[in-house]
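**Student:** The working numbering puts the first residue of the sequence shown at 3, with every later residue one more than the last.
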Amino acid sequence: MSVTPVVLNVGGVKFYTTFRTLTGPSSGQNSYFSNLDYTKGEIFIDRDPTVFKYILNHLRDGSVLFPNDAFTRALVYQEAKFYRLRILIEKIEAARKAEMMRQAPKKA
Numbered sequence: 003m004s005v006t007p008v009v010l011n012v013g014g015v016k017f018y019t020t021f022r023t024l025t026g027p028s029s030g031q032n033s034y035f036s037n038l039d040y041t042k043g044e045i046f047i048d049r050d051p052t053v054f055k056y057i058l059n060h061l062r063d064g065s066v067l068f069p070n071d072a073f074t075r076a077l078v079y080q081e082a083k084f085y086r087l088r089i090l091i092e093k094i095e096a097a098r099k100a101e102m103m104r105q106a107p108k109k110a
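Shown next as structure tokens:
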């Protein structure tokens with residue numbers, strides 16, 4: 003079942019992936035994806051699909067390229083919390099902290 007194709011319908015937009023991607027190491031044991039019934043075909047998730055590509059890319063390879071704008075990053079963070087993706091949440095928090103450090107005024 004690991005490479006079984008899975009269709010996720012996120013807010014009306016279809017995303018194609020695999021069971022392995024959704025339940026792999028980047029997902030974590032208690033993620034939203036660990037308890038879905040993958041035997042029913044297409045899975046509908048009532049969420050905004052706008053930033054789901056970032057979520058899915060993280061699940062695929064454990065990395066994510068953060069968008070430059072703070073609004074999109076905040077949306078990704080919100081969705082990571084909904085999907086209970088601890089690793090992604092930690093990465094976003096670390097990126098926020100690093101950005102704040104870069105923007106902090108330098109002491110003379």
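The beta carbon of each residue, even a glycine, is placed where N, CA and C say it ideally should be. These numbers were taken from a predicted model, which means no experiment stands behind them.
Is N37 helix, strand or coil by DSSP?
**Tutor:** Helix at N37.
**Student:** For L58, report the span of its alpha helix (DSSP H) as first-last.
**Tutor:** 54 to 63 is the extent of the alpha helix (DSSP H) around L58.
**Student:** What are the partner residues of I89, as DSSP defines its beta bridges?
**Tutor:** The partner list for I89 (beta bridge, DSSP) is empty, contrary to what the question assumes.
**Student:** Quick one: measure Cβ to Cβ for T25 and F17, integer angstroms, because I've assumed they're closer than 8 Å.
**Tutor:** Contact flag wrong, Cβ pair sits at about 15 Å.
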